[in-house]
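> Just so you know, the sequences run in chain order A and B.
Residues 7 to 253 in the working numbering are what the first sequence spells out, letter by letter.
Residues 1331 to 1768 in the working numbering are what the second sequence spells out, letter by letter.
Ideal Cβ positions, reconstructed from N, Cα and C, are used throughout, including at glycine.
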Amino acid sequence: MKELKILYLYPDILELYGDFGNIQVLQYRLEKRGIRAIIVPYSIGDDAPNFNDYDLVFGGGGADQEQGILAEDLLQYKDNIKQAINNGVFFLLICGSYQLFGKYYKGVEGNIISGLEIFDYYTEALADRKKRCIGNIVIETKLNERKTKIIGFENHGGQTFDVATPFGDVLFGNGNKFGDTQEGFFMDNVIATYLHGPLLSKNPELADYIIKHCLDRKYKDNIILNPLNDEFENKCREQLLSKFLNN
Amino acid sequence: MKNFFILVAMKILHLGLKIAGKNGGNFLGKIAYDWNPNIFRYFKINCPIIAVTATNGKTMTNNAIGHVFKTAEKKVISNTEGNNMETGILSTILKNCTLTGKVKADYLVFEVDEGYVPVIFKDLKLDTLVVLDFFRDQLDRNGEVESLILRINEFLKTYTGNLVLNNDDPNVARLGQANPENHNVYYFSVQKYAYATTNMKEAGEGKFCPFCNTRLEYEYYQYSHVGKFRCPNCNYGNNEIYKLATNVDLKNRTFAIDDITYQIKFNSIYNIYNFVAVVTCSQLYHINTEIIKKALSTFVLNNGRLEEIEIKGIPTIINLAKNPTGANVSLRILNEDEEEKELLFVLNDNLADGHDVSWIWDINFDTLNNVSRIITSGTRAYDIAIRIKTAGYPTNKIESYLNLHDAIERFYQNNVKKYVIANYTSLQPTRSEILKLK
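1. Are residue 1594 of chain B and residue 1398 of chain B closer than 7 angstroms when you measure CB to CB?
2. Taking beta-carbon pairs under 8 angstroms, can you tell me which members of the region 1711-1723 of chain B lie near chain A?
3. Distance, Cα to Cα, residue 1604 of chain B vs residue 1386 of chain B?
4. When you compare only the Cα positions, how much space is there between residue 1509 of chain B and residue 1691 of chain B?
5. Should residue 241 of chain A be flagged as near chain B, meaning a C-beta pair shorter than 7 angstroms?
6. Could you run through the region 70-83 of chain A and flag, in chain order, every residue whose CB is less than 8 angstroms away from some CB of chain B?
7. Shortest alpha-carbon distance to residue 1390 of chain B belongs to which of B/1671, B/1629, B/1370?
8. Per DSSP, residue 129 of chain A forms a beta bridge with which residues?
9. Report the three-state DSSP secondary structure of residue 15 of chain A (helix, strand or coil).
10. CA-CA distance, residue 1338 of chain B and residue 1332 of chain B?
11. Starting from residue 1739 of chain B, trace the alpha helix (DSSP H) in both directions and tell me its first and last residue.
12. Determine the contact status of residue 1461 of chain B and residue 1520 of chain B, defining contact as a CB-CB distance below 7 angstroms.
13. If you follow the beta strand (DSSP E) that residue 1561 of chain B is part of, which residue opens it and which one closes it?
14. Let me make sure I understand the geometry here. Which of B/1340, B/1456, B/1463, B/1493 has the alpha-carbon closest to that of residue 1428 of chain B?
15. Can you find at least 3 beta carbon pairs, one from the region 1434-1451 of chain B and one from the region 1356-1366 of chain B, that sit closer than 8 angstroms?
16. Can you have a look at residue 1532 of chain B and say buried or exposed, based on whether 16 or more other CB atoms are within 10 angstroms of its CB?
17. Residue 20 of chain A bridges to which residues according to DSSP?
18. What is the DSSP secondary structure of residue 202 of chain A, counted as helix, strand or coil?
19. Give, in chain order, every unbroken run of the alpha helix (DSSP H) that is at least 4 residues long and sits entirely within the region 1457-1530 of chain B.
20. Rounded C-beta distance between residue 1456 of chain B and residue 1491 of chain B? I'm assuming under 8 angstroms.
21. Taking 7 angstroms as the CB-CB limit, is residue 204 of chain A close to chain B?
22. Answer yes or no: does any C-beta atom of chain E fall closer than 7 angstroms to that of residue 1511 of chain B?
23. Drop a sphere of 10 angstroms on the beta-carbon of residue 219 of chain A, count the other beta-carbons inside from all chains shown, and report buried for 16 or more, exposed for fewer.
24. Among residues of its own chain, excluding the 5 on either side of residue 167 of chain A, which ones have a beta-carbon nearer than 8 angstroms to its beta-carbon?
25. Within this structure, are the beta carbons of residue 160 of chain A and residue 143 of chain A separated by less than 7 angstroms?
26. Answer yes if the region 1719-1735 of chain B comes into contact with the region 1694-1709 of chain B, meaning at least three C-beta pairs across the two stretches below 8 angstroms, and no otherwise.
27. What residue range does the beta strand (DSSP E) around residue 1650 of chain B cover?
28. Is it buried or exposed for residue 170 of chain A, if we count other Cβ within 10 angstroms and need 16 for buried?
29. Thinking residue 1762 of chain B and residue 202 of chain A are a contact (beta carbons under 8 angstroms), I'd like their distance in whole angstroms, please.
30. Among the candidates B/1656, B/1575, B/1496, B/1585, whose CA atom is the shortest distance from the CA of residue 1383 of chain B?
31. Closer than 7 angstroms, CB to CB, is residue 1688 of chain B near chain A or not?
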């Protein structure tokens, strides 16, 4: 039986916007195909994980206050994480996790939370605490050279700058900054984005892209995934794309 | 003088609305407040003002407190319809005051939106504040719950009135330390109930101590993050309990406080918390226990908040769920019921609901007990269908209809017991569509 090992970062802290749903969607789509999903949670106080032991690492978004608490904890794994990314372990990072992998996060009061500095982008909070990029969002990205639309919901005060390789072009919503044309960060085996929703729940193609990427690497093969019954997902996409893009 | 004119104008307007057969909601308050935001100062109120705030349970608790006082033959003015922002409270007062701003009542009892406590009671003297719980709720509209709590905490720093707090919610109990000079803080709690768990079963907030950031330790969770907690570092949580509910029996719908058994019409652990708050609050005003017992045994709310009705002989339970905890509490009731049942979940994403529906992923659909079919509807019918399917519920037992009428027609095509969960703007349309079949 094939299996994928998923490291789930800080499930009890980075869990504010339903991002846990991404783990559930991955598990669902793996198990429906007879592939075992081994999900290992890691949080503050747990034994140190070796990121190289996993096929996929996932981190979501959390409350502002709690994010500071865990940034310190995550920094101790900086070298190990860098190594894992270079080794091809897939990283899916949402919102707060996206920000933490950059150079730094500068808070409203000018306080700096150091990031892992793995990527060159950085994030600064807007001076006005109440001003946030909030709303439904649709972006267009390319998965294996195929254009596809990604639907999600963004809710972030932080504005992310200097993103070398964005995840997609914004068709509806804000993106990395207010009124931006680009959203997220995408590099081979790393997708970092502000999209909640949860992201994978309305984008089965993206979920399968990630699953295939991880399986191909692990089993050194070109694996064909069995199609699943995505009737609800397809109807949902059809309904929402027409609602958001036809206005 | 200006205030007098506002009052005259509002009285005339109110009369006009009455003649037109309209209630007006918070319309009067909106106009008066725009005219003079300081108008609250103008009223002459000589009776205690009691306010209830929380994420969930405001309407029920507010109405139950009012019901107890009315049963004790007191004159109560209250925003029973749930208009709980500054304009709603103002409307309620305007409708019930004299032209000189006098309010004649024994008690004013208000449910207040958790964001508006500091705004309204800046100028109105509050006698008792009851705080039930804080949960994540419409994050895209309200922001993170922490900033809301901090605003109330700031208000409480100079408040010296009665403060009735749920000691089992770490986000609420912390408010008791906002003003060390206030000696009128009363904590209530509920003894562990039959379905309490040792691990958190549903999404919650209380993870770290608000005073020292240490991870909180829980002896048990009643629901969400409500339960018996303690900070291992600074001992936060170890408060003296003023009223403790014991012998919680949801099947027979009873609980006891100080060895007196109360019969209620509701069967959820979350209602027990509401009613302990009601008893605590009533006893602070020396309402006789027999009267409280009588009042609670007859109290119901016919507005889709755990409303139990029969439609064509089919038992139906309707409950509002605006946020994960509201939905999780509904599912607890459903799962604690062994009978076969069907579920209708109606999910809208209108402005008042929040456009963000990702909160449905914080609902625990993992182990549904004897649910033979689920129908989803509302503007985000497919989103909720995906959520339920991903939790492992069989896809072929889920039906989705964007059209509410179609959904309800299909829902009542058999005689199986019905549970209905609807979010904010979908509740009343769902309820009236169902009642049409009656």
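If we stick to the structure as given:
1. For the 7 angstroms CB-CB criterion, residue 1594 of chain B and residue 1398 of chain B do not form a contact.
2. Listed by position, the residues of the region 1711-1723 of chain B near chain A (Cβ gap below 8 angstroms) are 1712, 1713, 1715, 1716, 1717, 1719, 1720, 1721, 1722.
3. Their backbone Cα atoms lie some 9 angstroms apart in a straight line.
4. Approximately 37 angstroms, taken between the alpha carbons.
5. Under the Cβ criterion of 7 angstroms, residue 241 of chain A is counted among the residues facing chain B.
6. Within the region 70-83 of chain A, the residues whose Cβ lies closer than 8 angstroms to some Cβ of chain B are 70, 71, 72, 75, listed in chain order.
7. Nearest neighbour of residue 1390 of chain B by Cα position, chosen from B/1671, B/1629, B/1370, turns out to be B/1629.
8. Answer is A/111, A/166, bridged to residue 129 of chain A.
9. Correct three-state label for residue 15 of chain A: strand.
10. Spanning the alpha carbons of residue 1338 of chain B and residue 1332 of chain B requires a straight line of approximately 10 angstroms.
11. From DSSP, the alpha helix (DSSP H) with residue 1739 of chain B extends over 1734-1741.
12. At least 7 angstroms separates the beta-carbon of residue 1461 of chain B from that of residue 1520 of chain B.
13. Note, residue 1561 of chain B: premise wrong, no beta strand (DSSP E); not H, not E.
14. Of all alpha-carbon atoms in B/1340, B/1456, B/1463, B/1493, the one lying nearest the alpha-carbon of residue 1428 of chain B is that of B/1340.
15. Touching, no, given that fewer than three Cβ pairs across the two stretches are closer than 8 angstroms.
16. Counting the other CB atoms within 10 Å of its CB gives residue 1532 of chain B a total of 16 or more, which places it among the buried residues.
17. Residue 20 of chain A pairs with nothing; no bridge assigned.
18. Three-state result, residue 202 of chain A: strand.
19. Within the region 1457-1530 of chain B, the runs of alpha helix (DSSP H) that reach at least 4 residues and sit entirely inside it are, in chain order, 1469-1472, 1475-1486, 1500-1503.
20. The Cβ separation is near 5 angstroms, so the contact holds.
21. Cβ-Cβ to chain B under 7 angstroms: yes for residue 204 of chain A.
22. Judged by its chain identifiers, the structure shown contains no chain E, and its protein chains are A and B.
23. Buried, by the Cβ-count rule.
24. Around residue 167 of chain A, the same chain offers 127, 128, 129, 130, 182, 183 as residues with beta carbons nearer than 8 angstroms, after the five sequence neighbours per side are excluded.
25. For the 7 angstroms CB-CB criterion, residue 160 of chain A and residue 143 of chain A form a contact.
26. Per the Cβ contact rule, the region 1694-1709 of chain B is in contact with the region 1719-1735 of chain B (3 or more Cβ pairs under 8 angstroms).
27. Start and end: 1644-1650.
28. Note on residue 170 of chain A: under 16 other CB atoms within 10 angstroms of its CB, so exposed under the neighbour-count rule.
29. A Cβ-Cβ distance of about 33 angstroms is found for the pair residue 1762 of chain B and residue 202 of chain A, leaving them out of contact under the 8 angstroms criterion.
30. For residue 1383 of chain B, the nearest C-alpha among the options comes from B/1496.
31. So yes, residue 1688 of chain B belongs to the interface.
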